[in-house]
Amino acid sequence: MRIATAKESYAADEGLFKTDTQRVWFGLLVAGLLVYPLGASNYWMFLAVLVMINIISTTGLNVLTGYTGQVSLGHAAFMAVGAYTVAFFDGRFGTPVLLNLALAGTVAAAIGYLVGLPSLRIKGLYLAIATLAAAVILGFIFLNWTPVTGGLRGLNVPTARILGIEMATPDRLYWLVMPICVVMVLAAKNLFRTRVGRAFIAIRDRDISAEIIGISLLRYKLMSFAISSFYAGVAGGLWAYLFRVVTPESFPALASIFFLAAVIVGGAGTIIGGIFGAIFMTLVPEVLKLSATALVPWFPDASIYLAPVRNIVFGLLIVGFLIFEPMGLAEVWRRMRRFFALWPFRT
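Residue numbering for the sequence shown follows the working numbering, starting at 1 and increasing by one per position.
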């Protein structure tokens, strides 16, 4: 995959709100998020909540992989840590939802910090295998630490409750997930305007040069692992409130591939790329499924025969992006803006 250069990353992130037009577009986006529940069915509300949870998690992985250059194949395991943390504290102690989510992110960040320790000595494929090994170890803990995780049966998660209001359905849970998603995406965007974010990018582009100019590789790599895991932990906690049960099978190794693919398809090294990638990876399979279902009145067995075809088409779309647009959907968006050099696309 090709990752955005430092110049491209700066332009993509700092330019989001550099003009009045872009501020208007952001305002329209927020208005759309507020209006969306008024006309959406329960199914589309569920998908909206799931998309935003995946955006949070993908943004976290993008911080680690896209901006710091550290490949991880254990991202889903940190989501599982967050989910189990929420299930444990809410189920045992009935602690408030926001506190549970903060604990979920903190515990996941602490474990991510430890998992990142080998990153000073190894990188690339070796680091990816190390993170995969960490995910296997965590999976073993989830399965066998029965007093805390419930073992194979897992844990049931109480309904999220804010100010005495139960958020048992996606249309209510939306109002918890949506603000958290917006805040965490904006926080990630602003991170790369700071010294810490610039250090991440310097390490990704040339770690030896970064160390020569005084950047502590171990400190910032561990910080990147912790931030990425914090995002995954919060996303996992929200996932637990959405599905209301957490088991060792809830976050398989394939889920980590899902988020890594979302980063690649969306555009590694850009915040908007993580958003596009999460939307694409979540919604395209659903759109393909709905397309197959629409053919049922004419072909009763369409869903059965088209199910494998749907997976093949989805896989081909991902491969197509890797071949024809390695910069991902973020680059497609930038090309569209340049092509339509008229308001409101002008920057």
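Just so it is clear, CB atoms sit at the ideal spot from N, CA and C, and this is done for glycine as well.
- In this model, serine 72 and valine 30 are separated by some 32 Å (Cα to Cα).
- According to DSSP, residue pairing for glutamate 325 in a beta bridge does not occur.
- Using a Cβ-Cβ distance cut-off of 8 Å, the region 56 to 71 and the region 199 to 211 are in contact, since at least three pairs of beta carbons, one from each stretch, lie closer than that value.
- Rounded to whole angstroms, leucine 61 and tryptophan 298 show a C-alpha spacing of 43 Å.
- Per DSSP, the beta-bridge partners of glutamate 166 are Arg161.
- With distances taken between CA atoms, tyrosine 43 lies nearest to Glu286 out of Leu295, Glu286, Gly233, Pro179.
- Remark: three or more beta-carbon pairs, one from each stretch, lie closer than 8 Å, so the region 161 to 180 and the region 237 to 244 are flagged as touching.
- Taking C-beta separations shorter than 6 Å and ignoring five residues to either side along the sequence, the partners of threonine 247 in its chain run Gly154, following chain order.
- Nearest in C-alpha terms to methionine 79, of all of Thr194, Thr59, Phe93, is Thr59.
- CA-CA distance, methionine 52 to valine 183, rounds to 12 Å.
- Note that the C-beta distance between valine 265 and phenylalanine 321 is below 7 Å.
- Contact check for glycine 277 and glycine 328: beta-carbon distance about 7 Å, within the 8 Å limit, so the pair qualifies.
- Excluding its 5 nearest sequence neighbours in each direction, valine 284 has C-beta neighbours in its own chain below 7 Å: Phe314, Leu317, listed in chain order.
- Under DSSP, leucine 155 shares a beta bridge with Val246.
- Check the Cα spacing between asparagine 100 and each of Ile111, Ala83, Ala110: the tightest is with Ala83.
- Three or more beta-carbon pairs separated by less than 8 Å are not found between the region 160 to 167 and the region 30 to 39, which leaves the two stretches without contact.
- Of the other Cβ atoms in all chains shown, 16 or more fall within 10 Å of the Cβ of glycine 112; this residue is therefore buried.
- Approximately 16 Å separates the beta-carbon atoms of aspartate 90 and proline 147; this is outside 8 Å, ruling out the contact.
- Taken atom to atom, the span from the alpha-carbon of serine 256 to that of alanine 128 is near 11 Å.
- Remark: C-beta atoms of lysine 189 and glycine 116 do not approach each other more closely than 7 Å.
- In the three-state DSSP reduction, lysine 123 falls in the coil class, being neither helix nor strand.
- The beta carbons of valine 63 and serine 216 sit no closer together than 7 Å.
- In this chain, the alpha helix (DSSP H) harbouring arginine 204 covers 195 to 205.
- Taking C-beta atoms as the reference points, alanine 109 and phenylalanine 230 count as a pair closer than 7 Å.
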